[in-house]
Each structure stands twice: as C-alpha cells, then as structure tokens.
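Colleague: Take a look at the following structure, please.
In the numbering used here, the protein residues as written are 105 to 382.
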C-alpha cells in the first residue's frame, strides 16, 4: 500500500518562537484570572476577559501586518528568482532557496558583483545554493575559481554532489573546515579551522554567510581579522543577514578597524551589505 506523504511543514524558528510566547501568555492569563476570581471575585474575571479581548485584537493586527510584510518579501523573491534564471544559464533544477538557504535576492547581489568585477578568486564562507550560482557565473566568464569553507561534513558532501550534478566541479572547491577555537584580538571564537584554508592567492570576492549565529554572539566577526591580508586591493566583501543586530555590530567594528568603504546596502529580506577593501 502506498502511504500518503506527510504535509511538509516550514521549520521556521520565528514561528515556533511566536507559538511559545503565545503559550506562555495564555498560561499566565489563565493563572492570573483564576487567582483574581478566587481572591477578589467576578469583577476581576471581567477585567481579565476585557484584557484578553484587547490582546487578541492586538495579535490580529500584528499578524495582519506580518502577512503584508511577508507578501511583499515573497513578491520580491519571485522577481529575484526570475531575474536569476534570466542571468544564469542553469542546466539542472536548483535546491530550495528558503529558510537557512541563500535567498534569491542575495543570489542576485552575488551574481551582479561577479558579473561586474569578474573575480579570479572567490572565497565563500558557508556552502549551499550560492556555491552553485557563483560557479555557474565563473564558468560563464571563462575564468575564476571558487573556494568554499563548510563546517558541516554532511553539507560539504551535499554541496559537492550538487556541483557534480550541475557539472561545475571544475570551478569550485568545497573545503570541510570544522569550527575550532580561534584566538582573534585576545578573544576566543569558534570559527572555521584556519589551517584548512588553502593557498589560493589574493581573494577578489569574499562572501560571508557563515558560521550560523547560534554558534556564539558575533559568530562571523573573525572573518575579516583572519582574512583581511588575503584580500586583494579593491576586493569586494558581501555580508548576508545585515539586518540582524550581530551582523550590523560586526560591520561597524570592521569599518572602524580596517580600510573599508560601503559600496551598497540592500534592504532585502535578510539584509545585505557590500563592502570594498580600499
């Protein structure tokens, strides 16, 4: 007998955080209502019901606004995906571009920078669909090589399989570089093992989309202190997730400590900023 497939659920951390908060709020409301009714009588219960009604109205307004914002971002992602397929000659279906994967709007930013600057050496922190898109563009430019650091062995293997499926393995090198304690400016970070970074010459384009933020606060900060001397003069640096507080603070520190200029700031779904080494 053929079993019916289970419905795919979006493993969205924001959704689960909202459900958790609503659960706690409902529990607190129930406890306070019962205590108030027991100690002060029905008038307190009436106020609690009114407060619940106001909370539900506020929640409805929040969810409506979030739905409008999400629809706006979805529309922009669809536009970016169409633009991407027009720009890149893709020969196989691409992996999904949602949740933790690079969004289409980020991929179009990467594509635009590669087409404009035609880098010979690209270094990427974190593998995935961006690895495929960058490799496609380097292949189309008849030059350049991509090096990708990936801390998860499973993801590194999967990215390599994707490259082979798209016939792009000659244009990219996936490097399994586990996160190890690394000292930067007197502080210890869990970052890609620096000993795994190959001698690839000067880097013309650096794409920063890892490690994950759950590793530690400012998890991606070591990228520039460790890699700055490896960057070519005029090298381009693309930072994903710039709308997050950690990445914003990280870039502020970099600009204060290194000779960088801001090229572009993108108000896309997760935020992105393009920097250049002066």
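Each residue gets a CB set at the ideal place from its N, CA and C atoms; glycine is no exception.
#1: Output the distance between the C-alpha atoms of residue 111 and residue 163, rounded to the nearest integer angstrom.
#2: When we look at the beta-carbon of residue 107 and count the other beta-carbons within 10 Å, is it buried (16 or more) or exposed?
#3: Considering only C-alpha positions, which residue in the set 269, 236, 329 is nearest to residue 189?
#4: Residue 260 by DSSP, collapsed to three states: which one?
#5: Name the residue from 275, 170, 262, 224 whose alpha carbon lies nearest to the alpha carbon of residue 305.
#6: Between which residues of its own chain and residue 113 is the CB-CB distance below 7 Å, once the five residues before and five after are set aside?
#7: Can you give me the start and stop residues for the beta strand (DSSP E) that residue 296 sits inside?
#8: Going by the CB atoms, is the gap between residue 263 and residue 278 shorter than 7 Å?
#9: Taking three-plus beta-carbon pairs below 8 Å as touching, is the stretch 280-296 in contact with the stretch 317-331?
#10: Excluding the 5 residues preceding and the 5 following residue 181 in the sequence, name in chain order all residues of the same chain whose CB lies nearer than 8 Å to its CB.
#11: Should residue 197 go down as buried or exposed, given a rule of 16 or more other Cβ atoms within 10 Å for buried?
#12: In the structure shown, what three-state DSSP assignment does residue 209 receive?
#13: For residue 285, list the residues DSSP reports as bridge partners.
#14: Exposed or buried, what is residue 345 when buried is set at 16 or more other beta-carbons lying within 10 Å of its beta-carbon?
#15: How many Å lie between residue 54 and residue 134 at the Cα?
#16: Between the C-alpha atoms of residue 295 and residue 284, what's the straight-line distance to the nearest angstrom?
#17: Helix, strand or coil: which one does DSSP assign to residue 380?
#18: Could you name the residues of the same chain whose beta carbon sits closer than 6 Å to that of residue 369, not counting the 5 residues immediately before and after it, in chain order?
#19: Can the beta-carbon of residue 313 be found closer than 7 Å to that of residue 230?
#20: Could you tell me which of 347, 379, 349 sits nearest to residue 359, measuring between CA atoms?
#21: Helix, strand or coil: which one does DSSP assign to residue 174?
#22: Look at the alpha carbon of residue 351 and the alpha carbon of residue 151, and state the distance between them as a whole number of angstroms.
#23: Pull up the distance between the alpha-carbon of residue 307 and that of residue 293, whole angstroms please.
#24: Give me, in chain order, the residues of the same chain whose beta-carbon lies closer than 8 Å to that of residue 120; leave out the 5 immediate sequence neighbours on both sides.
#25: If I'm right that residue 242 touches residue 218 with Cβ under 8 Å, what's the distance once you round it to whole angstroms?
#26: For residue 239, which residues from the same chain have a beta carbon less than 7 Å from its beta carbon, with the 5 sequence-adjacent residues on both sides left out?
#27: Determine the DSSP secondary structure at residue 215, reduced to helix, strand or coil.
#28: Return the chain-ordered list of same chain residues with a C-beta closer than 7 Å to the C-beta of residue 105, the five sequence neighbours on each side being excluded.
#29: For residue 156, which option in 129, 329, 332, 232 has the closest C-alpha, if you only look at C-alpha atoms?
Modeller: According to the structure shown:
#1: Against the chain shown, residue 111 aligns to sequence position 7. Against the chain shown, residue 163 aligns to sequence position 59. At residue 111, the pLDDT of 43 sits below 50, so the modelled position is not reliable; the number obtained from the coordinates is stated separately. So the two alpha carbons sit approximately 26 Å from each other.
#2: Within the chain shown, numbered from 1, the residue matching residue 107 stands at position 3. Residue placement at residue 107 is flagged as unreliable, the pLDDT there being 44, under the threshold of 50; the coordinate-derived value follows with that caveat. Classification for residue 107: exposed.
#3: As a first step, residue 189 is located in the chain shown; it is residue number 85 there, counting from the start. The shortest C-alpha separation from residue 189 is found at 236.
#4: By 1-based counting over the chain shown, the position of residue 260 is 156. It is helical.
#5: Numbered from 1 along the chain shown, position 201 holds the residue referred to as residue 305. Residue 305 has its Cα closest to that of 224, out of 275, 170, 262, 224.
#6: Locating residue 113 in the chain shown gives position 9, where the first residue counts as 1. The pLDDT assigned to residue 113 is 46, lower than 50, so where the model puts this residue is not dependable, and the model offers no usable value.
#7: Translated into positions along the chain shown, residue 296 becomes position 192. Note, residue 296: beta strand (DSSP E), 291-296.
#8: Position 174 of the chain shown holds residue 278. Position 159 of the chain shown holds residue 263. Cβ atoms of residue 278 and residue 263: closer than 7 Å.
#9: yes
#10: Stepping through the chain shown from its first residue, residue 181 is reached at position 77. Correct list, in chain order: 201, 207, 208, 209, 373.
#11: Counting from 1 along the chain shown, the entry for residue 197 is found at position 93. So residue 197 counts as exposed.
#12: Along the chain shown, read from residue 1 onward, the residue named residue 209 stands at position 105. Correct three-state label for residue 209: helix.
#13: Mapped onto the chain shown, residue 285 falls at position 181. 294.
#14: Residue mapping note: residue 345 aligns to position 241 of the chain shown, counting from 1. Counting Cβ neighbours within 10 Å, residue 345 comes out buried, since at least 16 surround it.
#15: For the chain, the structure presents residues 105 to 382; residue 54 sits outside this window and is missing.
#16: Along the chain shown, one-based indexing puts residue 295 at 191. Along the chain shown, one-based indexing puts residue 284 at 180. For residue 295 and residue 284, the distance between alpha carbons rounds to 6 Å.
#17: As a first step, residue 380 is located in the chain shown; it is residue number 276 there, counting from the start. Residue 380 falls in the strand class under three-state DSSP.
#18: Looking up residue 369 in the chain shown gives position 265. Once the five neighbours on either side are set aside, the close Cβ partners of residue 369 are 377.
#19: Your numbering for residue 313 matches position 209 in the chain shown. Your numbering for residue 230 matches position 126 in the chain shown. Contact: yes.
#20: As a position in the chain shown, residue 359 is number 255, starting the count at 1. The residue with the shortest Cα to Cα distance from residue 359 is 379.
#21: For the purposes of this step, residue 174 is taken as the residue at position 70 of the chain shown. Reduced to three states, the DSSP call for residue 174 is helix.
#22: Here residue 351 is taken as the residue at index 247 of the chain shown, counted from 1. Here residue 151 is taken as the residue at index 47 of the chain shown, counted from 1. Cα to Cα, residue 351 sits roughly 43 Å from residue 151.
#23: Here residue 307 refers to the residue found at position 203 when the chain shown is read from its first residue. Here residue 293 refers to the residue found at position 189 when the chain shown is read from its first residue. Approximately 23 Å between the Cα atoms of the pair.
#24: Counting from 1 along the chain shown, the entry for residue 120 is found at position 16. Here the set comprises nothing.
#25: Walking along the chain shown from the start, residue 242 turns up at place 138. Walking along the chain shown from the start, residue 218 turns up at place 114. Contact flag correct, Cβ pair sits at about 7 Å.
#26: Translated into positions along the chain shown, residue 239 becomes position 135. Same-chain partners within the cutoff: 250, 267, 272, 275, 276.
#27: Residue 215 sits at position 111 when you count from the first residue of the chain shown. Helix at residue 215.
#28: Along the chain shown, one-based indexing puts residue 105 at 1. Caution applies to residue 105, whose pLDDT of 39 falls short of 50 and renders its modelled position unreliable; the model cannot decide the point.
#29: Numbered from its first residue, the chain shown carries residue 156 at position 52. For residue 156, the nearest C-alpha among the options comes from 129.
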